[in-house]
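With the working numbering applied, the sequence shown covers 1 to 175. Backbone N, C-alpha and C fix where the C-beta goes; we use that ideal spot for every residue, glycine too. Written out below as structure tokens is the structure these notes cover.
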Amino acid sequence: MHSLFKFAFVALLTTFAGSAVAQTTATSTITIEQPWARATAAGAKTGAVYMTLDNKASTPDRLAGASSDVADKIQIHEMKVVNGVMQMRELAGGLSIPASGSVVLKPGSYHVMLIGLKKPLTAGEKFPLTLIFEKAGNISVTVPVQAMGAMEDKGGGMGEMHDNQGGGMGHMEMK
Ligand SMILES: [Cu+2]
């Protein structure tokens, strides 16, 4: 009697583990490489996460959104220079990832925007982020926080423009 109950319990656990593995396999068409976030100044309400999204599927996919406990709201943003002014906007329809291709999220370009940070992002810390793909489903990653580039800390009074490098190239050069 006792051992029968034990057997049933083990079988249940095995079933549960099996479904977890299946879920991981289903999301493997998208690989997320080198996610990172830039450390934010004290009191900053926004932050940005960067990464490379690699799509192994023979059909396009789309990064539709993201969620994390570190911010109230998360949007997919694009940043570009328009008439010499750095502007950013939400990609309301998400970010397309071509079939068998990749998209790079980086400073001055696409980024995952954290809005309403609950606390500053501190260099050396990590936080979880779940990315929501139209086809590949939800993929969770751990995002390490890297130090702000010292050279761009000029306090240009553009508080909302969280990664205003101006025309600066190669600002993230690693020594
Ligand atoms: Cu943004």
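Alpha carbon of residue i to alpha carbon of residue j, nearest angstrom
i	j	result
G63	G108	With the sequence shown as reference, residue 63 is identified as Leu, and Gly is not the correct amino acid for it. Cα to Cα, L63 sits roughly 18 Å from G108.
T59	N83	35 Å
Q75	L105	13 Å
T122	A39	5 Å
I78	Y50	The amino acid occupying residue 78 in the given sequence is Glu; Ile does not appear at that position. Taking the straight line joining both Cα atoms gives about 12 Å.
A147	G124	8 Å
K73	G116	6 Å
R89	L95	12 Å
I139	V85	34 Å
D69	D54	25 Å
I32	A136	12 Å
G149	A42	15 Å
P98	D61	7 Å
M87	P128	Note that residue 87 is Gln in the sequence shown, not Met. Rounded to whole angstroms, Q87 to P128 spans 27 Å at the Cα level.
Rounded distance between the beta-carbons of residue j and residue i, thought under 8 Å
i	j	result
G47	L114	4 Å
T29	A57	4 Å
T52	S102	6 Å
A44	P120	6 Å
K126	V112	K126 to V112, Cβ: 15 Å. No contact.
P35	V145	Not quite, the Cβ-Cβ distance comes to about 11 Å (not below 8 Å), so this is no contact.
Coarse secondary structure for residue i, derived from DSSP in three states
i	result
S109	coil
G93	coil
N83	coil
D54	strand
P128	strand
D69	coil
L63	strand
P35	strand
S102	strand
Chain B within 8 Å of residue i, Cβ atoms only
i	result
V103	Considering every chain present, this structure includes no chain B. It has just one protein chain.
Residue i CB to nearest heavy atom of ligand 3 below 7 Å
i	result
T59	This structure lacks ligand 3; its bound ligands are ligand 1.
Item checked: Around ligand 1, Cβ to any heavy atom closer than 5 Å, ordered along the chain -> H77, M88, M113
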